[in-house]
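Chemist: Have a look at this one.
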Amino acid sequence: MSLLDHTHDPAARSWVDSANAAGTDFPLQNLPLAIFRPPQGTSKQFRGGVAIGDQVLDLAGVAAAGLLQGAAQQAANAAAGTTLNGLCGQGPAAWRALRHGLFALLKDDAPEPTRAALRPLLSPQGRVDYALPVRVGNYTDFYTSIHHARNTGRVMRPDVGIDLVNPNFRSMPIAYHGRASSVVLSGHPVRRPKGQMMPPGAPAAVFGPTRRLDYELELGVLIGRGNALGEPIALAEAEDQVFGIVLLNDWSARDIQAFEMPPLGPFQAKNFATSISPWVVTLAALAPFRAAWVPDAGNPPLLPYLDDAGVRAQGALDITLEAWLQAPGTEALRLSRTSFRHQSWTVPQMIAHHTVGGCNLQPGDLLGSGTISGPEPSEAGTMIEITHGGRQPLTLPDGSQRSWLEDGDTLVLRGWCERAGAARIGFGECRGVVLPAA
Ligand code: MN
1 MSLLDHTHDP AARSWVDSAN AAGTDFPLQN LPLAIFRPPQ GTSKQFRGGV
51 AIGDQVLDLA GVAAAGLLQG AAQQAANAAA GTTLNGLCGQ GPAAWRALRH
101 GLFALLKDDA PEPTRAALRP LLSPQGRVDY ALPVRVGNYT DFYTSIHHAR
151 NTGRVMRPDV GIDLVNPNFR SMPIAYHGRA SSVVLSGHPV RRPKGQMMPP
201 GAPAAVFGPT RRLDYELELG VLIGRGNALG EPIALAEAED QVFGIVLLND
251 WSARDIQAFE MPPLGPFQAK NFATSISPWV VTLAALAPFR AAWVPDAGNP
301 PLLPYLDDAG VRAQGALDIT LEAWLQAPGT EALRLSRTSF RHQSWTVPQM
351 IAHHTVGGCN LQPGDLLGSG TISGPEPSEA GTMIEITHGG RQPLTLPDGS
401 QRSWLEDGDT LVLRGWCERA GAARIGFGEC RGVVLPAA
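The sequence shown begins at 1 in the numbering used here and counts up one residue at a time.
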């Protein structure tokens, strides 16, 4: 089944000139959604918006103007409020109708009266305020990169044998339940957390600011309609539950994590902050960048609830991802570049596994993909991998060194998709500066 339609035509152009610029993250073929507020100085409420070039189009204004029909108008009405949870809950037919409606309004053959009605609803992206795209009711973080698992296993558990990947990793997409209240938007500063740590050879735990602050390069999946308690989502229906994808930084305190994790998993090491990007790239926009999924070599046979022909044929997504470190007073340094296509498990498998025991997902729930590390050393998605647990510090452009993130450092994630025969689309960025401990 082809997932492509006229909205993926790489030749399609917009009457908004900046959407046709080479290298833009937001051409007509992308149309990602955010929650924003028009330029500062106005007292308007937050509302939904769609990115087009370097502009954001006010969806509350589009809805009020009645420029769309039927399901597209209903979807725009749902996007006019202060979160996108209502639109998440409308499901894939509504999302598709909105995409097709906005595409027609913004395409270069839209009539002049339509353009005239829309022009006052455009604002430069750099002059608006953003809010979290959804009210996150629940946040789950997965662990699905075998390269990340192996790299960190070597650092955290040097006493263990050759294959440092636990048997459960090879059998299912493993995860822990995270903290929704501390999910923050890109741009929100992150305060260095304090906690308990057990330094090597110390007689007892010490308390203080983490000395091993790290980032994790991830994607975040926003859930659509969700499911009733006790009614699992089958793998074949799991994609209909994906409203869209954002960049996600799972900030982590490695020394706190190492002491607290056994036997119940991460807690204080992770719950102080998780950053996400403002723009939600829909699964429809990602259709040209599907890729085949192949289980990791050496895995046991897949259990039936995690296996189907659709996932094997096109369950993976080829999303290029980068992490950059901007330290004070020096040039930014690229820490990694990789692709989500290397991941050991796909998004539909995460959803099928999350719900297989009956757990209910709700509109706007957030799933972290788990750290995204590719097979090469330059593709590692954390400091702990890059610096081998701090033993091999990075050298910054000014000659200074970093084993872990320091106060004043800014961590930036970027993502985009590129392929011959398709328009390049991007995710914008997810950034956060580290503040000193309180
Ligand atoms: Mn994580």
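Note that beta-carbon positions come from the ideal geometry of N, C-alpha and C, so glycine has one too.
Cα separation between Leu264 and Gly357?
Modeler: Distance between the alpha carbons of Leu264 and Gly357 is about 19 Å.
Chemist: Looking only at its own chain, which residues have a Cβ that is under 7 Å from the Cβ of Arg157, when we skip the five neighbours before and after it?
Modeler: Counting only Cβ-Cβ distances below 7 Å, and skipping sequence neighbours, we find Leu164.
Chemist: CA-CA distance, Arg391 and Phe46?
Modeler: Roughly 46 Å between the two C-alpha positions.
Chemist: Between Gln90, Ile319, Gln268, which lies nearest to Gln74 when the distance is taken from Cα to Cα?
Modeler: Checking every option, the nearest Cα to that of Gln74 belongs to Gln90.
Chemist: Quick check on this structure: which residue in Pro38, Ile35, Arg414 has the alpha carbon closest to the alpha carbon of Arg334?
Modeler: Answer by Cα proximity: Arg414.
Chemist: Is Thr371 close to ligand 1? I mean its beta-carbon at under 7 Å from any heavy atom of the ligand.
Modeler: Result yes, Cβ under 7 Å from ligand 1.
Chemist: Have a look at Ala34, Glu322, Leu302 and flag the residue whose alpha-carbon is nearest the alpha-carbon of Asn85.
Modeler: The candidate whose alpha carbon is nearest that of Asn85 is Ala34.
Chemist: So, does the stretch 312-320 touch the stretch 284-296, judging by three or more C-beta pairs under 8 Å?
Modeler: In short, these stretches touch, since the Cβ pair count reaches three.
Chemist: In terms of residues, what are the limits of the beta strand (DSSP E) holding Thr320?
Modeler: Taken as a continuous stretch (DSSP letters only), the beta strand (DSSP E) holding Thr320 covers 320-326.
Chemist: Could you check if Asp214 belongs to the surroundings of ligand 1, using beta carbon to heavy atom distance under 7 Å?
Modeler: Every heavy atom of ligand 1 is 7 Å or more from the Cβ of Asp214, so no.
Chemist: Flag this pair as touching only if the stretch 218-235 and the stretch 253-268 have three or more C-beta atom pairs under 8 Å; answer yes or no.
Modeler: Flag = no, the stretch 218-235 and the stretch 253-268 do not touch.
Chemist: Short check: CB of Arg191 to CB of Ala437, under 8 Å?
Modeler: Taking 8 Å as the Cβ cut-off, Arg191 and Ala437 qualify as a contacting pair.
Chemist: Which residues in the same chain have their Cβ closer than 8 Å to the Cβ of Gly432, if we skip the five residues on either side of it in sequence?
Modeler: Cβ neighbours of Gly432 beyond the five flanking positions: Val184, Ser186, Gly187, His188, Pro189, Val190, Asn249, Trp251, Ala273, Ser275, Thr410, Leu411.
Chemist: Does the distance between the C-beta of Gly440 and the nearest non-hydrogen atom of ligand 1 fall short of 7 Å?
Modeler: No information on residue 440 is available, as it lies outside the stretch 1 to 438 that the chain covers here.
Chemist: When the cut-off is 8 Å and only beta carbons count, does Arg127 lie next to chain D?
Modeler: Protein chain content of the structure displayed is limited to a single chain, and chain D is not contained in it.
Chemist: Hey, how far is the Cα of Ser171 from the Cα of Gln326?
Modeler: Each residue's alpha carbon lies about 38 Å from the other.
Chemist: Counting along the chain, where does the alpha helix (DSSP H) carrying Gln392 start and finish?
Modeler: Counting along the chain, Gln392 falls outside any alpha helix (DSSP H), and DSSP gives it neither H nor E.
Chemist: State yes or no: is the C-beta of Glu385 nearer than 7 Å to some heavy atom of ligand 1?
Modeler: Outside the cutoff, so no.
Chemist: Mind checking whether Leu229 and Ala323 have CB atoms under 8 Å apart?
Modeler: No, these two residues do not count as a Cβ contact at 8 Å.
Chemist: Rounded to whole angstroms, what is the Cα-Cα separation between Ile384 and Tyr139?
Modeler: Each residue's Cα considered, the two are about 23 Å apart.
Chemist: Secondary structure at Val356, three-state DSSP: helix, strand or coil?
Modeler: Looking at Val356 - three-state DSSP - the assignment turns out to be coil, as it is neither helix nor strand.
Chemist: From Ala80 to Ser369, what does the alpha carbon distance come to, in whole angstroms?
Modeler: Their backbone Cα atoms lie some 28 Å apart in a straight line.
Chemist: In whole angstroms, what separates the C-alpha of Val246 from that of Asp398?
Modeler: Rounded to whole angstroms, Val246 to Asp398 spans 32 Å at the Cα level.
Chemist: How far does the beta strand (DSSP E) with Arg37 in it reach, from first residue to last?
Modeler: Element bounds for Arg37: 33-37.
Chemist: Taking its Cβ as the centre, do 16 or more other Cβ atoms sit within 10 Å of Ser336, making it buried, or is it exposed?
Modeler: Label assigned to Ser336: buried.
Chemist: Mind checking whether the beta-carbon of Glu379 lies closer than 7 Å to any heavy atom of ligand 1?
Modeler: Glu379 Cβ: outside cutoff for every heavy atom of ligand 1.
Chemist: Quick one: grab the DSSP three-state call for Arg47.
Modeler: In this structure, Arg47 counts as strand in the three-state DSSP scheme.
Chemist: Looking at Leu57 and Leu98, is the spacing between their C-beta atoms short of 8 Å?
Modeler: No, the Cβ-Cβ distance between Leu98 and Leu57 is not below 8 Å.
Chemist: Closer than 7 Å: is that where the CB of Glu239 sits relative to any heavy atom of ligand 1?
Modeler: No, the beta carbon of Glu239 sits no closer than 7 Å to any heavy atom of ligand 1.
Chemist: Nearest-angstrom Cα distance between Gln349 and Glu112?
Modeler: Computed Cα separation, rounded: 46 Å.
Chemist: Looking at the unbroken alpha helix (DSSP H) that takes in Leu149, where does it start and where does it end?
Modeler: Position check: residue 149 holds Ala in this sequence, whereas Leu was assumed. Residues 146-156.
Chemist: How about Glu218: is its Cβ closer than 7 Å to a heavy atom in ligand 1?
Modeler: Result yes, Cβ under 7 Å from ligand 1.
Chemist: Could you check how far apart the C-beta atoms of Val16 and Gly53 are, in whole angstroms? I think they sit under 8 Å.
Modeler: Contact flag correct, Cβ pair sits at about 5 Å.
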